[in-house]
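Quick note on numbering: my numbering labels position 2 of the sequence shown as 4, and the sequence is numbered without any gaps.
Just below is one structure, and these are the notes that go with it.
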Amino acid sequence: MVDPEPVSDTNLIREKILKSGFSEKTVKNLIEIYENLQDTVFGNSDIMQLLDCSQTTATSYIKKLNNDLKLIKAVSGFGKGKYCFTKM
(Lines of atoms letter the chains of each structure in order from A and count residues from 1; the text may use other names and numbers.)
(Lines give C-alpha, C1' and ligand atoms only; values in the text may rest on other atoms or scores of the structure.)
Protein backbone atom coordinates (compact mmCIF):
# COMPACT_ATOMS: atom_id res chain seq x y z
CA MET A 1 0.00 0.00 0.00
CA VAL A 2 1.33 3.44 -0.93
CA ASP A 3 1.22 6.23 1.63
CA PRO A 4 -0.63 9.32 0.40
CA GLU A 5 1.41 12.44 -0.28
CA PRO A 6 1.70 14.56 2.84
CA VAL A 7 -0.37 17.71 2.65
CA SER A 8 1.82 20.75 3.19
CA ASP A 9 0.95 23.72 5.37
CA THR A 10 0.90 25.81 2.20
CA ASN A 11 -1.80 23.66 0.62
CA LEU A 12 -3.87 23.61 3.81
CA ILE A 13 -3.66 27.37 4.25
CA ARG A 14 -4.50 28.06 0.59
CA GLU A 15 -7.47 25.72 0.80
CA LYS A 16 -8.73 27.42 3.96
CA ILE A 17 -8.44 30.85 2.33
CA LEU A 18 -10.16 29.65 -0.87
CA LYS A 19 -13.05 28.18 1.12
CA SER A 20 -13.42 31.26 3.34
CA GLY A 21 -16.33 32.76 1.41
CA PHE A 22 -14.56 36.12 1.05
CA SER A 23 -14.71 38.02 -2.23
CA GLU A 24 -12.40 36.99 -5.07
CA LYS A 25 -10.23 40.10 -4.58
CA THR A 26 -9.92 39.49 -0.84
CA VAL A 27 -8.98 35.83 -1.41
CA LYS A 28 -6.36 36.87 -3.98
CA ASN A 29 -4.87 39.41 -1.57
CA LEU A 30 -4.87 37.00 1.40
CA ILE A 31 -3.03 34.41 -0.69
CA GLU A 32 -0.54 37.07 -1.79
CA ILE A 33 0.03 38.03 1.85
CA TYR A 34 0.64 34.39 2.72
CA GLU A 35 2.97 33.75 -0.20
CA ASN A 36 5.12 36.78 0.57
CA LEU A 37 5.07 36.83 4.38
CA GLN A 38 4.65 33.19 5.40
CA ASP A 39 8.15 32.81 6.88
CA THR A 40 8.47 36.18 8.58
CA VAL A 41 7.09 38.31 11.38
CA PHE A 42 4.93 41.05 9.88
CA GLY A 43 2.60 43.87 10.75
CA ASN A 44 0.27 46.40 9.20
CA SER A 45 3.03 48.35 7.47
CA ASP A 46 4.31 45.21 5.72
CA ILE A 47 0.86 44.48 4.29
CA MET A 48 0.39 48.13 3.31
CA GLN A 49 3.67 48.05 1.39
CA LEU A 50 3.04 44.64 -0.19
CA LEU A 51 -0.48 45.43 -1.44
CA ASP A 52 -0.09 49.21 -1.78
CA CYS A 53 -3.18 49.66 0.40
CA SER A 54 -4.35 51.86 3.26
CA GLN A 55 -3.79 51.17 6.94
CA THR A 56 -7.49 50.42 7.34
CA THR A 57 -7.39 47.82 4.57
CA ALA A 58 -4.25 46.22 6.01
CA THR A 59 -5.91 46.03 9.42
CA SER A 60 -8.94 44.42 7.80
CA TYR A 61 -6.76 41.69 6.26
CA ILE A 62 -5.05 41.05 9.61
CA LYS A 63 -8.47 40.69 11.28
CA LYS A 64 -9.60 38.26 8.58
CA LEU A 65 -6.43 36.17 8.95
CA ASN A 66 -6.49 36.28 12.76
CA ASN A 67 -10.12 36.36 13.90
CA ASP A 68 -11.96 34.70 11.01
CA LEU A 69 -9.48 32.17 9.62
CA LYS A 70 -7.20 31.65 12.66
CA LEU A 71 -4.16 31.50 10.36
CA ILE A 72 -1.94 34.00 12.16
CA LYS A 73 -1.00 34.62 15.77
CA ALA A 74 0.41 37.61 17.61
CA VAL A 75 4.08 37.35 18.50
CA SER A 76 5.94 39.04 21.32
CA GLY A 77 9.40 40.54 21.30
CA PHE A 78 9.02 42.32 17.96
CA GLY A 79 6.88 45.27 19.03
CA LYS A 80 3.15 45.78 19.20
CA GLY A 81 0.98 44.48 16.36
CA LYS A 82 3.34 41.86 14.93
CA TYR A 83 2.10 38.50 13.66
CA CYS A 84 3.29 35.28 12.07
CA PHE A 85 1.49 32.47 10.28
CA THR A 86 0.68 29.44 12.42
CA LYS A 87 1.68 25.91 11.52
CA MET A 88 -1.30 23.79 10.47
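Ideal placement from N, C-alpha and C gives every residue a C-beta, glycine not left out.
In this text, all values refer to a predicted model and were calculated from it rather than measured experimentally.
Cβ-based burial, E7 [other Cβ within 10 Å; buried from 16]
Reading the sequence shown from its first residue, position 5 is the one you call residue 7. The predicted model places E7 with a pLDDT of 45, which falls under 50 and marks its position as unreliable; any figure quoted below should be read in that light. Answer is exposed; the Cβ neighbour count stays below 16.
Between K18 and the rest of its own chain, which residues show a CB-CB distance below 7 angstroms, the 5 nearest in sequence each way excluded?
The residue you call residue 18 lines up with position 16 of the sequence shown. These residues qualify, in order along the chain: L71 and L73.
Alpha carbon of D11 to alpha carbon of L39, nearest angstrom
To locate residue 11, count along the sequence shown from 1; it is residue 9. To locate residue 39, count along the sequence shown from 1; it is residue 37. Approximately 14 angstroms, taken between the alpha carbons.
For G81, tell me which candidate among N68, I64, V43 and D54 has the shortest Cα-Cα distance.
Taking the sequence shown and counting its residues from 1, one reaches residue 81 at position 79. Minimum Cα distance to G81 is reached at V43.
Classify N69: buried if its beta carbon has 16 or more other beta carbons within 10 angstroms, exposed otherwise.
Position 67 of the sequence shown holds residue 69. Classification for N69: exposed.
Count the other CB atoms, across all protein chains shown, that sit within 10 Å of the CB of A76; report buried if there are 16 or more and exposed otherwise.
The residue given as residue 76 occupies position 74 in the sequence shown. Exposed, by the Cβ-count rule.
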